[in-house]
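Chemist:
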Amino acid sequence: MNRLNRLIILLVFGPAMICAGIACNRQVVPASQINVRFGSYPSSEEISTYIIQLEKLHPDYADIYEIGASWEKRPILAMRITDEKSGDPEKKPAMYMDAGHHGNEKISVQSALFFVTYILDNSERDPLVAHLLKTRTLYVIPLVNPDGNNAGERTNKNPNIPVDLNRNYEYGWQAGFDKDRAMLYGGTDPFSEPETRAVRKFVLEHKNINIALTLHSGIDRLHTPGFTIQENFPQDQQEYDIISGEAAILAGRNGFYSPALSPLGIAKGGGGAGTTMAWLHANSIYAWTVEVYGDGKYPWETVDKYNPPEKHIEDLCNRWLKPFLYYWSTLPNLGLYGVKVKNDTLYITVGNDGKFPMDALVQVWKKGQKVYYLSVDNLRENSREIMIPLPPEELTGDFMISLSGNTTTGPQNDIFKLSLSLSGTTWSISTAEGTFESKLPLMNFFK
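Number 48 in our numbering belongs to position 48 of the sequence shown; there are no gaps in the numbering.
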C-alpha cells in the first residue's frame, strides 16, 4: 500500500497542526520522519481527518473503527495500534485509553494523539516501542465527545439537558445527580448517551483489555478507583500503589512537578459518581483517571486550568509520553525466551517482562503425550530456566511447548512447536510455530 506523503497532514490541518520533529523527553525524532507538532487545539473534524491519515501512513500498525456517533452525528473513532505481523491483536494483552469526555479539556485529546503519533512514527526505531507493538495491543478513543470539543463545553449536546459523559457510566451512577448544575448532570439513566454507549460496546467487545487510562484535565492528579468496587481482589491496592507511584515519578521529570509530590497527589477512590474509571474497574480492568494538566506547578505561567497555552502543548504532551509508555509496558507478557539441550537435559526459559505478576503452567508434549509439566509462580519482570531431564531417545523429534498463565489482568496462552535434532555432538533447534521472545528489560527504559 502506498503511504501518503506527510505533507498531506500539514495541508489538512493548516494552522491547527504544524509539521516538525517531536521530542520524547527531548530525544529528537530524525527529520527524515516528519511528525505532527501540536501548536493549537484542532476541531473534531480536523482530529478525525488526522486519525484517518495516521492509518493510511501506518497500515501495518494502525486500524481505525467508527464505533458510534454523537448527538450531532459526528463520528466517534477508535484506533487499534499493534504490530499486526506478530500475532493476533485480539489475543495480545491490551491497554485502553480514551480522552475528551469533557469537551473543554482539549489537552487530554492532544495528549492521546501525541502518544499515538509517537508510537506509530517510532515503530521501527525505538526498541521499547517496537517490543511493545510486537507483544501488546493499544486501543485508543482519542475524542469521546466531539460535539463538546467543538463547542468548548464540558458536556455533550443532548438537546434536552446536556450531560456530563463522565457521570453517565453505570457503576455508582446517581439518578438526578446535580441536575440543577447541568455541567455535572449524569443523564436520565446509565448509558443514556450515544457517546458512552459507544465506549461501553467497544470496551466489552475487546476481552483482552487489561488496563485502562482515561485522560482529563483541570487538576494535577492521578485518580485510582475506590476499592469497595471489587473487594474480591485484595491485590488491587498494592498494584495500584506501585504503578501509580512510578508513573507519578516519571511525570515529574524534565522540569515538571510530580503529582505524587504535589498537595493534590494520587487520589485513591477519587473521580466522582458514574465515572468511566469506576465502570472499567468494576469490569475487572485496572483503570486510572489521568489528569494531564491542572492546578499544579508548571515551568510556565498558567492562565486556563484546563488547557496550557498553545505554545506549551508539545511540552505538556512530552511530559506524559514516558508515563503512558510505562503503563503500557506493565501489562504481563508471558514469553518463551529460549530452548537448549545439554547433558541429556532439555532447558526451557520462560519469563514475563511486565510489571503485573503472573503464574505460568509449562507443558511439554511429544507425539501427543505430555512428557512434562511444571507450575512457575509469581513471574514479574523476570525469567526462570526450567530443567527437564529426558531419556536420550526422547530428546530428538518434534515437541510442542504450551505456556499458559492466569494474571491479575486476565489469561494468556501460547503454543510453540519445535523440532530437536542431534548431529554428532551438536544440537539444532528449529521452530515450526511460535516466536521466541527477546529478553528486553523493559523497566530499564524508565530509570
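Ideal Cβ positions, reconstructed from N, Cα and C, are used throughout, including at glycine. Being a predicted model, the structure only gives us computed values, none of them experimental.
Is the number of C-beta pairs between the stretch 140-159 and the stretch 86-106 that are closer than 8 Å three or more?
Modeler: Touching, yes, given that three or more Cβ pairs across the two stretches are closer than 8 Å.
Chemist: Can you check DSSP and say which residues form a bridge with Glu433?
Modeler: Locating residue 433 in the sequence shown gives position 433, counting from the first residue. In the DSSP output, where bridge partners are listed per residue, Glu433 has Lys417.
Chemist: So, for Pro299: in the same chain, excluding its five sequence neighbours on each side, which residues have a beta-carbon less than 6 Å away from its beta-carbon?
Modeler: The residue labelled residue 299 in the question sits at position 299 within the sequence shown. Gly255, listed in sequence order.
Chemist: If we count the other Cβ atoms within 10 Å of its Cβ and call it buried at 16 or more, is Val129 buried or exposed?
Modeler: If you number the sequence shown from 1, residue 129 lands on position 129. Buried: at least 16 other Cβ atoms inside 10 Å.
Chemist: With respect to the beta strand (DSSP E) encompassing Thr349, which residues constitute its N-terminal and C-terminal limits?
Modeler: Locating residue 349 in the sequence shown gives position 349, counting from the first residue. Thr349 -> beta strand (DSSP E) spans Thr345 to Asn352.
Chemist: Which of helix, strand or coil does DSSP assign to Ser86?
Modeler: Position 86 of the sequence shown, counting from 1, holds the residue named residue 86. Correct three-state label for Ser86: helix.
Chemist: If we call anything under 8 Å between Cβ atoms a contact, is Trp71 one with Lys201?
Modeler: For this step, residue 71 is matched to residue 71 along the sequence shown. For this step, residue 201 is matched to residue 201 along the sequence shown. Result no, Cβ atoms of Trp71 and Lys201 do not sit closer than 8 Å.
Chemist: Using only alpha-carbon positions, find the residue among Lys106, Asp88 and Asn406 that is nearest to His216.
Modeler: If you number the sequence shown from 1, residue 216 lands on position 216. Checking every option, the nearest Cα to that of His216 belongs to Lys106.
Chemist: Does the separation of the CB atoms of Glu433 and Lys447 fall below 8 Å?
Modeler: Position 433 of the sequence shown, counted from the start, is the residue given in the question as residue 433. Position 447 of the sequence shown, counted from the start, is the residue given in the question as residue 447. Going by C-beta atoms, Glu433 is not nearer than 8 Å to Lys447.
Chemist: Need the endpoints of the beta strand (DSSP E) that Gly335 sits in, please.
Modeler: Locating residue 335 in the sequence shown gives position 335, counting from the first residue. Counting along the chain, the beta strand (DSSP E) containing Gly335 begins and ends at Leu334 to Lys342.
Chemist: Look at Pro332 and Pro93 and say whether their C-beta atoms are less than 8 Å apart.
Modeler: Start at 1 with the first residue of the sequence shown, and residue 332 comes out as number 332. Start at 1 with the first residue of the sequence shown, and residue 93 comes out as number 93. For Pro332 and Pro93, yes; Cβs fall inside 8 Å.
Chemist: Given a cut-off of 8 Å on the beta-carbon distance, is the pair Asn104 and Gly68 in contact?
Modeler: Residue mapping note: residue 104 aligns to position 104 of the sequence shown, counting from 1. Residue mapping note: residue 68 aligns to position 68 of the sequence shown, counting from 1. Cβ distance not < 8 Å, so Asn104 and Gly68 don't count as in contact.
Chemist: Measure from the alpha carbon of Lys297 to the alpha carbon of each residue in Thr275, Thr431 and Ala251, then state which is nearest.
Modeler: In the sequence shown, counting from the first residue as 1, residue 297 sits at position 297. Minimum Cα distance to Lys297 is reached at Ala251.
Chemist: Taking all protein chains shown into account, decide if Met277 is buried (16 or more other Cβ within 10 angstroms of its Cβ) or exposed.
Modeler: As a working note, residue 277 is residue 277 in the sequence shown. Burial call: buried.
Chemist: Indicate whether the contact test is met: 3 or more Cβ pairs, each with one atom in the stretch 201-215 and one in the stretch 276-294, closer than 8 Å.
Modeler: The stretch 201-215 is in contact with the stretch 276-294.
Chemist: Quick check for students: name the residue ranges of the beta strand (DSSP E) that lie wholly in the stretch 131-179, counting only runs of 3 or more.
Modeler: 137-141, all fully within the stretch 131-179.
Chemist: Output the residue ranges of the alpha helix (DSSP H) runs that lie fully inside the stretch 197-270 and measure 4 residues or longer, sorted by chain position.
Modeler: Those alpha helix (DSSP H) runs which fall completely within the stretch 197-270 and span 4+ residues are 235-251.
Chemist: How far does the alpha helix (DSSP H) with Leu395 in it extend, from its first residue to its last?
Modeler: As a first step, residue 395 must be located in the sequence shown, where it is residue number 395. First-last for Leu395: undefined, no H or E at that position.
Chemist: Less than 8 Å between C-beta atoms, sequence neighbours within five positions excluded: which residues of the same chain meet that for Leu4?
Modeler: In the sequence shown, residue 4 corresponds to position 4, counting from 1. Model confidence at Leu4 stands at a pLDDT of 27, short of 50, so the residue's coordinates are unreliable and nothing is read from them.
Chemist: Among all the DSSP beta bridges, which residues are the ones paired with Asp98?
Modeler: Along the sequence shown, read from residue 1 onward, the residue named residue 98 stands at position 98. Answer by DSSP bridge pairing, in chain order: Ile141 and Thr214.
Chemist: Report all residues from its chain with a CB closer than 6 Å to the CB of Asp414; omit the five preceding and five following residues, and keep chain order.
Modeler: In the sequence shown, the residue the question calls residue 414 occupies position 414. Correct list, in chain order: Leu403.
Chemist: First and last residue of the alpha helix (DSSP H) that includes Val292?
Modeler: Stepping through the sequence shown from its first residue, residue 292 is reached at position 292. It is not in any alpha helix (DSSP H) - Val292 carries neither H nor E in the DSSP assignment.
Chemist: DSSP three-state call for Leu57: helix, strand or coil?
Modeler: Against the sequence shown, residue 57 aligns to sequence position 57. Of the three classes helix, strand and coil, the one that applies to Leu57 here is helix, per DSSP.
Chemist: Rounded to the nearest angstrom, how far is the Cβ of Asn168 from that of Thr196, given a contact under 8 Å?
Modeler: Start at 1 with the first residue of the sequence shown, and residue 168 comes out as number 168. Start at 1 with the first residue of the sequence shown, and residue 196 comes out as number 196. Right, their Cβ atoms sit about 5 Å apart.
Chemist: Taking DSSP's pairing of strands, which residues face Trp427 in a bridge?
Modeler: In the sequence shown, the residue the question calls residue 427 occupies position 427. Looking at the DSSP assignment, Trp427 forms a beta bridge with Leu422.
Chemist: Going by DSSP, what residues sit across from Ser402 in a beta bridge?
Modeler: In the sequence shown, counting from the first residue as 1, residue 402 sits at position 402. Paired residues: Gln363 and Ile415.
Chemist: Please report how far the alpha carbon of Leu7 lies from the alpha carbon of Ser111, in whole angstroms.
Modeler: Locating residue 7 in the sequence shown gives position 7, where the first residue counts as 1. Locating residue 111 in the sequence shown gives position 111, where the first residue counts as 1. The predicted position of Leu7 is uncertain, since its pLDDT is 25 and thus under 50; no value can be drawn from it.
Chemist: Under three-state DSSP, which class holds Asp63?
Modeler: Locating residue 63 in the sequence shown gives position 63, counting from the first residue. Residue state, collapsed to three classes: strand.
Chemist: Can you list, in chain order, the residues of its chain whose CB lies under 8 Å from that of Leu133, leaving out five sequence neighbours each side?
Modeler: Position 133 of the sequence shown, counted from the first residue, corresponds to residue 133. For Leu133, where only same-chain residues beyond five positions count, the Cβ hits under 8 Å are Tyr61, Ile81, Thr82, Asp83, Ser86, Ile119 and Ser123.
Chemist: Would you call Gln27 buried or exposed, if buried means 16 or more other Cβ atoms sit within 10 Å of its Cβ?
Modeler: Taking the first residue of the sequence shown as 1, we reach residue 27 at position 27. With a pLDDT of only 36 at Gln27, under 50, the local geometry of the prediction cannot be trusted, and the value read off the model is given with reservation. It is exposed - the Cβ of Gln27 has fewer than 16 other Cβ atoms within 10 Å.
Chemist: Quick one, which of Gly269, Lys268 and Glu246 has its alpha-carbon nearest Ser258's?
Modeler: Locating residue 258 in the sequence shown gives position 258, where the first residue counts as 1. Checked all of Gly269, Lys268 and Glu246; the closest Cα to Ser258 is Glu246.
Chemist: Comparing C-alpha positions only, which one of Ser329, Glu381 and Tyr347 sits nearest to Leu374?
Modeler: Locating residue 374 in the sequence shown gives position 374, counting from the first residue. Looking at the Cα atoms, Tyr347 is the closest of the given residues.
Chemist: Whole angstroms are fine: how far does the CA of Ser108 sit from the CA of Thr188?
Modeler: The residue given as residue 188 occupies position 188 in the sequence shown. The residue given as residue 108 occupies position 108 in the sequence shown. If I take the Cα positions, the gap works out to 26 Å.
Chemist: At which residues does the alpha helix (DSSP H) containing Arg380 begin and terminate?
Modeler: On the sequence shown, residue 380 is found 380 positions in, with the first residue counted as 1. Here Arg380 belongs to no alpha helix (DSSP H), and DSSP marks it neither H nor E.
Chemist: If I measure Cβ to Cβ from Ala273 and keep anything under 8 Å in the same chain, skipping five residues before and after, which residues do I get?
Modeler: The count along the sequence shown starts at 1 and reaches residue 273 at position 273. Answer for Ala273: Arg167, Gly172, Trp173, Gln174, Phe177 and Gly186, listed in chain order.
Chemist: From the DSSP output, in three-state form, read off Ile51 for me.
Modeler: For the purposes of this step, residue 51 is taken as the residue at position 51 of the sequence shown. The answer is helix: DSSP assigns Ile51 an H, G or I state.
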